[in-house]
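Note that this note's numbering numbers the sequence shown so that position 82 is 99, with each residue one more than the last.
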Amino acid sequence: MLKGRDLLEPMDFTTDELMELFKLADKIIENPENYSEACKGKLLATLFYEPSTRTRFSFEAAMLRLGGNVIGFSEANVSSVAKGESISDTIRTVACYVDMAVMRHPKEGAPIVAAACTDMPIINAGDGGHHHPTQTLTDLFTIWKEKGGFDNMTVGFCGDLKFGRTVHSLIKALSRYENVSFILISPEELVIPDYVRKEILIKEKIHFKEVENMQEALPILDILYMTRVQRERFFNEEDYVRLKDRYILDGAKMKLAKDDMMVLHPLPRVNEISVEVDEDPRALYFKQAKNGMFIRMALILSLLGIETQNETQEV
Ligand code: CP
């Protein structure tokens, strides 16, 4: 049962609980009208201290499509945060008005602080370079829909593996499945953080390889997860400019890949996937963004403990 729980880190839910969410999201896709009033009278707060398009809009669209309502802010300086209010005071106040909250914050661990001062469900929508668990739900749901499962996959992560929170979260989540191996493609300056290498990959005895050359990896991948080099995480512009166009996936490189290799990207993209790749049936990143709304609908229903007639009839 997910009722009343938080989602702060990718491992907060068991693989069985994830499967329940995927099945519910699938039912919503099949019959959205059955869920259009499920959250009537419920209110979601979206507290975004950092910019977002997909995560904020997909949460807001999800709640509205479930018949609920949404309040919130999309930048910290339009709330009392600008006057110096702490996260815990903001959350304790917002909890007086709403049933659950989604928070994105530049500081790692901020949603954990938020969850500690309220009983309402808190969802981490990305904390600094740490985790982005609802992007992970989106990624896993897309893989499950396209491939039918997760076992025996060779997954390539390419780009900014140092600051890329979506990468850290997805590596952690995929490590729980059988015989998954990773090819980590990045320049030396943007390799995965030591805690991911030591505490997840080495500790869990996951097969992985760190390489700089994308072309060398492409022919063996089942999934290629591209990422943007994130200007906002760099301390100096010179390093960003030097590294930003290091990897560009284009039509010529796609010829090296398997016919059924999935290309995923959490988006936004800058230059790392050429627009010509968008027409390739293996390019699934916009489908992935759409799936994000449905899996967030399933998440909202589950954390609020709302069972529609569609579920109760089956029990
Ligand atoms: N994937 C993702 O988190 O996108 P946004 O930053 O637009 O929310």
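We put the beta carbon where it would ideally sit given N, CA and C, even for glycine.
Can you confirm whether residue i, when its beta carbon is compared against all beta carbons of chain C, has any partner nearer than 7 Å?
i	result
K124	Here chain C cannot be found, since the structure has a single protein chain.
I need the boundaries of the alpha helix (DSSP H) containing residue i, first residue and last residue.
i	result
E227	Premise fails: E227 lies in the beta strand (DSSP E), H224 to V228, not in any alpha helix (DSSP H).
M279	Per DSSP, M279 belongs to no alpha helix (DSSP H); it is in the beta strand (DSSP E), M279 to L281.
S105	I104 to V111
N308	Y302 to L320
V184	R182 to L191
G268	G268 to M271
In the DSSP assignment, find the unbroken beta strand (DSSP E) run with residue i in it and report its ends.
i	result
Y242	I240 to M243
A78	A78 -> not in any beta strand (DSSP E); alpha helix (DSSP H) instead, spanning R71 to R82.
V172	T171 to C175
H122	M117 to H122
L64	L60 to F65
F199	S198 to I202
D262	That residue, D262, is in no beta strand (DSSP E); it is neither H nor E in DSSP.
G145	G145 -> no beta strand (DSSP E), and no H or E assigned at all.
I88	N86 to F90
What's the C-alpha gap between residue i and residue j?
i	j	result
L238	K275	7 Å
C56	S96	26 Å
S91	I317	19 Å
M278	A118	36 Å
V111	E34	28 Å
P27	A142	11 Å
A306	A99	31 Å
G268	V294	6 Å
C113	H122	21 Å
V115	V87	9 Å
N48	E227	43 Å
A131	K270	44 Å
F30	D23	10 Å
Q232	L321	45 Å
T325	L83	11 Å
N253	T183	22 Å
V258	R299	29 Å
I202	N230	7 Å
G58	N327	19 Å
G21	I140	11 Å
E296	Y242	17 Å
V292	K162	24 Å
L81	E54	9 Å
Going by beta-carbon coordinates alone, are residue i and residue j separated by less than 7 Å?
i	j	result
G101	K124	no
G173	I209	no
F334	F180	Residue 334 lies beyond the range of the chain shown here (18 to 332); nothing can be said about it.
S105	C134	yes
L25	P138	no
G309	T244	no
I45	F303	no
L61	S319	no
E195	D156	no
S192	E221	yes
L178	L235	no
L154	M120	no
F74	R313	no
E289	I265	yes
Y52	A93	no
Please report the Cβ distance between residue i and residue j, rounded to the nearest whole angstrom; I am assuming they are in contact, meaning their Cβ atoms lie under 8 Å.
i	j	result
S186	H149	5 Å
L207	L281	Contact flag wrong, Cβ pair sits at about 18 Å.
A42	A315	4 Å
R263	P204	5 Å
G217	I188	A small correction: the amino acid at residue 217 is Ile; Gly does not occupy that position in the sequence shown. Contact flag correct, Cβ pair sits at about 6 Å.
H147	G126	7 Å
Quick one: using the 10 Å Cβ neighbour count with 16 as the cut-off for buried, is residue i buried or exposed?
i	result
I108	buried
Y212	exposed
V332	Since pLDDT at V332 reaches only 41, below the 50 mark, its modelled position is unreliable, and no value is offered.
P283	buried
I160	buried
R248	exposed
Q152	buried
D256	exposed
A215	The sequence given here places Lys at residue 215; Ala does not occur at that position. Answer is exposed; the Cβ neighbour count stays below 16.
G85	buried
T32	exposed
T15	Examination of residue 15 is not possible in this model, given that the chain is present from 18 through 332 alone.
V246	buried
I219	exposed
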